[in-house]
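Student:
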Amino acid sequence: MPEPFTYSTTYELDKAHFQECFSESVVIVTSISAYKKSIALTVAGMLLVLFTEMNPYAAWFVFALGILEAVSTYYQKPWWVMRQMLSKAAKGNVDLTIDEHGIVSKSFYASLTLLWSDVQLIESTQLGWLIKHAQGRSYISNKNLSAAAITFLTEKHLQQHNS
817 MPEPFTYSTT YELDKAHFQE CFSESVVIVT SISAYKKSIA LTVAGMLLVL FTEMNPYAAW
877 FVFALGILEA VSTYYQKPWW VMRQMLSKAA KGNVDLTIDE HGIVSKSFYA SLTLLWSDVQ
937 LIESTQLGWL IKHAQGRSYI SNKNLSAAAI TFLTEKHLQQ HNS
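With this note's numbering as the guide, the letters of the sequence shown map in order to residues 817 to 979.
#1: Under 8 Å: do the region 864 to 879 and the region 888 to 895 share three or more Cβ pairs, one atom per stretch?
#2: Measuring CB to CB, does residue 862 end up less than 8 Å from residue 879?
#3: Give a yes or no on whether the C-beta atoms belonging to residue 903 and residue 912 are separated by under 8 Å.
#4: How long is the line joining the alpha carbons of residue 957 and residue 837, rounded to whole angstroms?
#5: Could you tell me if the beta carbon of residue 837 falls within a distance shorter than 7 Å of some heavy atom in the ligand ATP?
#6: Check whether the Cβ atoms of residue 947 and residue 940 sit closer than 8 Å, and answer yes or no.
#7: Classify residue 933 as helix, strand or coil using the three-state DSSP reduction.
#8: For residue 910, write down the residues that DSSP places opposite it in a beta bridge.
#9: As a quick exercise: from 944, 950, 951, 952, pick the residue whose alpha carbon is nearest that of residue 973.
#10: Given residue 918, which residues of its chain have a CB within under 6 Å of its CB, disregarding the five upstream and five downstream residues?
#11: For residue 829, is the classification buried or exposed, using 16 other Cβ atoms within 10 angstroms of its Cβ as the cut-off for buried?
#12: Using a Cβ-Cβ cut-off of 8 Å (strictly less than) and excluding sequence neighbours within five positions of residue 910, which residues of its own chain qualify?
#13: Between which two residues does the alpha helix (DSSP H) containing residue 854 stretch?
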């Protein structure tokens, strides 16, 4: 009888990890619809500045918020990576375990246990794996996995598509 598969590793949540995670898991929308909120805030701020007796600081704040929203939309990847690097989890270690039961990810600040029955979709990307589940999506980089772990995830991916 074959031994049950288990793989454990530890990796750091560094800038390279966050950049890869964003690149592999986020679909960037570059159309004008991505800027709807920033356009609305900027126009509202302009109207408040020009046509109301509202406190000028509040009106200019709304206008500046619209500009900031446009900048954060245009520079979406560096903005997201910067926010992650400023978070308390940055530079922390993550203990990852993949076995016959599921995927367990633990750090000092967060813990996630995904049973295979809870996984809705396993999707292969160029550099890793997107795991879609009820709580959202998780990304696992191939550089944190052994060849056996990649093979195991590939088998789970194929099982999912065959069922």
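Cβ coordinates follow ideal geometry from the N, Cα and C atoms, glycine included.
Tutor: The answer reads as follows:
#1: no
#2: yes
#3: no
#4: 8 Å
#5: The ligand ATP is absent from the structure shown, which contains no ligand whatsoever.
#6: no
#7: helix
#8: 827
#9: 944
#10: 930, 931, 932
#11: buried
#12: 826, 827, 828, 829, 921, 922, 923
#13: 852 to 867
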